[in-house]
Amino acid sequence: MSLRFKLLLLALSTLALPLAGWLIVRQMEELLRQGQEQTLTASAKALARSLAALKTALPPAGQAFYVHSCAGGMRIDGYADDWNQLMPYAQNIGPADDAQKAKLLLCADGDFLYLLAQVRDATRTRADASDENALLRDHLTLSLAHDNDLRRYLIASAAPGRFDARVLDGEGDSLPQVLGGSWREDADGYRVELRLPRAQMPDSLTLNEFDAGAPNNAHIELRPLLLRSPDISSDLAQFAPDGMRVRVLSAEGWVVAESGQLAALSSKSSTPALRRWFENLIYRSLIAPDMTRAQDFATNLPRLSSPEIWQALSGVAATAWHPAPNQGSSVVLAAAVPLKDNNEVRGALLLEQSGDALPLLTNRALLILIGASIGALLFAGAVLFAFAGVLGVRIRRLRDAVERAKHASGRVERNADRQVPLPLLGAKDELGDLARSFAHLLDEVTAYTDYLRTLASKLSHELQTPLAIVKSSLDNLDQQSVSTDARTYLVRARSGAERLGAIVRAMSEASRMDRAIHGVDAEEFDLSAVVRGCVEAYRPLLAPRRIEADLPASPLLMHGAPELIAQALDKLIDNARSFTPEDGWIRISLRANGDGAIVSVANQGPPLPPTMADRLFDSLVSVRPSTVQKATVVNGAPAEPPHLGLGLSIVRLIAELHRGVATARNLADGSGVEFSLELRGMPRRPLMGGMG
Numbered sequence: 114m115s116l117r118f119k120l121l122l123l124a125l126s127t128l129a130l131p132l133a134g135w136l137i138v139r140q141m142e143e144l145l146r147q148g149q150e151q152t153l154t155a156s157a158k159a160l161a162r163s164l165a166a167l168k169t170a171l172p173p174a175g176q177a178f179y180v181h182s183c184a185g186g187m188r189i190d191g192y193a194d195d196w197n198q199l200m201p202y203a204q205n206i207g208p209a210d211d212a213q214k215a216k217l218l219l220c221a222d223g224d225f226l227y228l229l230a231q232v233r234d235a236t237r238t239r240a241d242a243s244d245e246n247a248l249l250r251d252h253l254t255l256s257l258a259h260d261n262d263l264r265r266y267l268i269a270s271a272a273p274g275r276f277d278a279r280v281l282d283g284e285g286d287s288l289p290q291v292l293g294g295s296w297r298e299d300a301d302g303y304r305v306e307l308r309l310p311r312a313q314m315p316d317s318l319t320l321n322e323f324d325a326g327a328p329n330n331a332h333i334e335l336r337p338l339l340l341r342s343p344d345i346s347s348d349l350a351q352f353a354p355d356g357m358r359v360r361v362l363s364a365e366g367w368v369v370a371e372s373g374q375l376a377a378l379s380s381k382s383s384t385p386a387l388r389r390w391f392e393n394l395i396y397r398s399l400i401a402p403d404m405t406r407a408q409d410f411a412t413n414l415p416r417l418s419s420p421e422i423w424q425a426l427s428g429v430a431a432t433a434w435h436p437a438p439n440q441g442s443s444v445v446l447a448a449a450v451p452l453k454d455n456n457e458v459r460g461a462l463l464l465e466q467s468g469d470a471l472p473l474l475t476n477r478a479l480l481i482l483i484g485a486s487i488g489a490l491l492f493a494g495a496v497l498f499a500f501a502g503v504l505g506v507r508i509r510r511l512r513d514a515v516e517r518a519k520h521a522s523g524r525v526e527r528n529a530d531r532q533v534p535l536p537l538l539g540a541k542d543e544l545g546d547l548a549r550s551f552a553h554l555l556d557e558v559t560a561y562t563d564y565l566r567t568l569a570s571k572l573s574h575e576l577q578t579p580l581a582i583v584k585s586s587l588d589n590l591d592q593q594s595v596s597t598d599a600r601t602y603l604v605r606a607r608s609g610a611e612r613l614g615a616i617v618r619a620m621s622e623a624s625r626m627d628r629a630i631h632g633v634d635a636e637e638f639d640l641s642a643v644v645r646g647c648v649e650a651y652r653p654l655l656a657p658r659r660i661e662a663d664l665p666a667s668p669l670l671m672h673g674a675p676e677l678i679a680q681a682l683d684k685l686i687d688n689a690r691s692f693t694p695e696d697g698w699i700r701i702s703l704r705a706n707g708d709g710a711i712v713s714v715a716n717q718g719p720p721l722p723p724t725m726a727d728r729l730f731d732s733l734v735s736v737r738p739s740t741v742q743k744a745t746v747v748n749g750a751p752a753e754p755p756h757l758g759l760g761l762s763i764v765r766l767i768a769e770l771h772r773g774v775a776t777a778r779n780l781a782d783g784s785g786v787e788f789s790l791e792l793r794g795m796p797r798r799p800l801m802g803g804m805g
């Protein structure tokens, strides 16, 4: 992982700032929301006290039958197609333990009160209302009451179709004398639909169902009728605050009055749709409180049954937030307080207010926070990225300088003041300390390398005198008369002295070669001709080994020392001959490489040890087996000179003189080894200036 990427990841820690800001904004929004809830609850309680001061008639306590509003033209046919929208609000008229047995629906228009009763009864025991045994058959008993008048009707029919109810008892002109309707049956039971004039609408009613197959003595008491009250709505209109909607609910949650309208947010019309969607997403995802469903507080509901409403009907004020329908990110705050009369809960007052100001304020604060956080994050990331870039450039400069200073031979480039040319040496930070440490390390490497490079010449010089003493002593001893056993030791001693002399001469030659290489003059020559001439000279010397040559036909010009390149090629061929069996092959190739050339010598033989590939061109390093290193003695002298590993070191020096490198690798098929010289030519010296 790069340094820039690490610092960029570190910059992500600044995300803690927007997180903390989001928590602050959310806490602020919660405090504002609580204040708004308390204010709206206080307004609702004040409005409830105003209704009490006006002595407004509150809804009756306990159960009641709710009369819905319906459009005119209801058909009394028993099929109940006109009642589909009101079916979810059908009220139970049976015993409490059999809530699904019988249901009742009431609705009214300007002329009539309509009644629909549904009874689940799979048995068939029917009789007309005029039958004397009708009370023992399946039937309904409808009781109507108005002021002090009470009248009961028997509703029964022997077959589906029209029916006329029979009056069982009761007097008074305020209630209808004749009542008729329609009776329909299906597999689950039967339905009864009827109507009576609005002028004779009762104040309360009850409907009792009798099943001949399972008779019971349950009797449902009269329940008052609940309608939308214009008087309560008028009183609400006097005190309802502007921009708020208020509704009065009965003890069962039925809406009996409403007034007011929520204020619309005028600025929404000028806000782009994309921005409204983005603000809505932010508020709903990050800030908005837990909301109830907007459908629970819809204006077209005849009955509200959310948990907050039932909490208010139990005597405890409650608040709820819900989305405004079809208004994007708008929210509505609803406060429900109980309506009491003599400490008896008669209903609840629901006050609703648009909470647009709160989301707008919160969204504005959150958008400012997000913008500032993104800006700070981008700025911090850019600063850290730039800092990482500068730091990376400085580190790479130091790395490149160290790599340029150290040659493959171990020498270190230094300037005229004998100092290592490293950057950042004067820097006062940690990179400056690192650069100075590298400089000190390279000075130590330089001193040790110089010591190793001069070790051979020093040793050869120091060994000359003791070696001459040993040889002269052996010569003198050879003139003396010695025993046969002593003569054997004398021969072995002379052989060792000769071998030691060969080593000293080789070390001296290597030192002289090193000095000679760096003092040679360059010239223009055809490298292809030099290599071709060497190849032709090698053929008789390497026989019976097979020589393969891959040389270009056209000239390949090079600026350098042709005799040094030929000498390097000699060293490589000598090395290849030592490891190639007599029936093996040696391949010499030359090819152009950009502004230079590559000379390769490959031979069949054992592969290089993996650990020696990088050290093979160092001085005094050899991979020849011990049996090869031991020289045999012929007539008191070694038959083959010892191999000190100096030949490949000279090859490396020649390659570096020509601004190239020497490499060795095992062939891909494992059949042998390939040595390569990548040459670019010696640097050209500038011509002297004009004549003095």
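Oh and the sequence shown: position 599 is 712 in the working numbering, straight run, nothing missing. Heads up, the beta-carbon is just placed ideally off N, CA and C, and yes, glycines get one too.
Note the first and the last residue of the continuous alpha helix (DSSP H) segment covering residue i.
{"i": "Gly783", "result": "That residue, Gly783, is in no alpha helix (DSSP H); it is neither H nor E in DSSP."}
{"i": "Ile769", "result": "In the sequence as presented, Ile is not what sits at residue 769; that position holds Glu. Unbroken alpha helix (DSSP H) run through Glu769: 760-770."}
{"i": "Pro653", "result": "640-655"}
{"i": "Ala247", "result": "Note, Ala247: premise wrong, no alpha helix (DSSP H); not H, not E."}
{"i": "Gln466", "result": "That residue, Gln466, is in no alpha helix (DSSP H); its beta strand (DSSP E) goes 457-467."}
{"i": "Ala540", "result": "From DSSP, Ala540 is part of no alpha helix (DSSP H); its letter is neither H nor E."}
{"i": "Glu365", "result": "That residue, Glu365, is in no alpha helix (DSSP H); it is neither H nor E in DSSP."}
{"i": "Leu426", "result": "420-426"}
Have a look at the options and flag the residue whose alpha-carbon is nearest the alpha-carbon of residue i.
{"i": "Gly673", "options": "Leu318, Leu664, Asp639", "result": "Asp639"}
{"i": "Lys453", "options": "Ala165, Arg139, Glu143", "result": "Ala165"}
{"i": "Gln231", "options": "Tyr192, Ala240, Asp224", "result": "Tyr192"}
{"i": "Arg512", "options": "Ile660, Ser550, Asn716", "result": "Ser550"}
{"i": "Glu465", "options": "Arg772, Asp598, Thr412", "result": "Thr412"}
{"i": "Arg510", "options": "Leu535, Leu580, Gly785, Ser486", "result": "Leu535"}
{"i": "Val369", "options": "Ala353, Leu340, Gln140, Gln351", "result": "Leu340"}
{"i": "Leu307", "options": "Phe352, Arg507, Ser243, Leu253", "result": "Leu253"}
{"i": "Pro354", "options": "Pro579, Ala155, Asp316, Gly785", "result": "Ala155"}
{"i": "Val844", "options": "Phe788, Arg778, Leu780", "result": "The shown model of the chain, from 114 to 805, leaves out residue 844, and the question about it has no answer."}
{"i": "Pro289", "options": "Pro343, Met671, Phe225, Pro723", "result": "Phe225"}
{"i": "Leu153", "options": "Ala493, Ser667, Val774, Ala430", "result": "Ala430"}
{"i": "Ser713", "options": "Met671, Leu780, Ala650, Pro722", "result": "Leu780"}
{"i": "Leu123", "options": "Gln577, Ser570, Asp634, Val496", "result": "Val496"}
{"i": "Glu457", "options": "Ala642, Gly428, Arg146, Thr432", "result": "Gly428"}
{"i": "Gly186", "options": "Gln176, Leu160, Ala650, Tyr227", "result": "Tyr227"}
So residue i and residue j are supposed to be a Cβ contact under 8 Å. How far apart are they, rounded?
{"i": "Ala174", "j": "Arg459", "result": "5 Å"}
{"i": "Leu267", "j": "Arg250", "result": "So it is not a contact: roughly 10 Å between Cβ atoms."}
{"i": "Leu504", "j": "Thr127", "result": "That belief does not hold up - the Cβ atoms of Leu504 and Thr127 are roughly 19 Å apart, past 8 Å."}
{"i": "Gly293", "j": "Arg275", "result": "7 Å"}
{"i": "Ser346", "j": "Glu365", "result": "Wrong, their Cβ atoms sit about 19 Å apart, outside the cutoff."}
{"i": "Gln198", "j": "Lys216", "result": "The pair is not a contact, with the Cβ atoms about 15 Å apart (cut-off 8 Å)."}
{"i": "Ala85", "j": "Leu587", "result": "The structure shown does not extend to residue 85, since the chain spans only 114 to 805, so no value can be given for it."}
{"i": "Ala221", "j": "Ser256", "result": "With a Cβ gap of about 18 Å, Ala221 and Ser256 do not count as contacting."}
{"i": "Leu462", "j": "Leu417", "result": "Incorrect: roughly 12 Å between the Cβ atoms, too far for contact."}
{"i": "Gly794", "j": "Met671", "result": "5 Å"}
{"i": "Arg704", "j": "Pro665", "result": "7 Å"}
{"i": "Leu806", "j": "Ala710", "result": "Coverage of the chain is limited to positions 114 through 805, which leaves residue 806 absent and any answer about it impossible."}
In the DSSP output, which residue or residues are listed as bridge partners for residue i?
{"i": "Arg336", "result": "Leu318"}
{"i": "Thr432", "result": "Ala448"}
{"i": "Gly373", "result": "Arg358"}
{"i": "Leu729", "result": "In the DSSP output, where bridge partners are listed per residue, Leu729 has none listed."}
{"i": "His259", "result": "Asp262"}
{"i": "Ala221", "result": "Ser182, Leu226"}
{"i": "Leu792", "result": "Ala710"}
Ends of the beta strand (DSSP E) at residue i?
{"i": "Ala230", "result": "225-233"}
{"i": "Gln351", "result": "No beta strand (DSSP E) holds Gln351; the alpha helix (DSSP H) holding it covers 343-352."}
{"i": "Glu298", "result": "292-298"}
{"i": "Ala272", "result": "Unbroken run through Ala272: none, as it is neither H nor E."}
{"i": "Leu309", "result": "302-310"}
Completely contained beta strand (DSSP E) runs for the stretch 151-218, where each covers 3 or more residues: 178-182
With a floor of 3 residues, list each beta strand (DSSP E) that falls wholly inside the stretch 659-725, ordered by position along the chain. 659-663, 670-673, 698-706, 709-717
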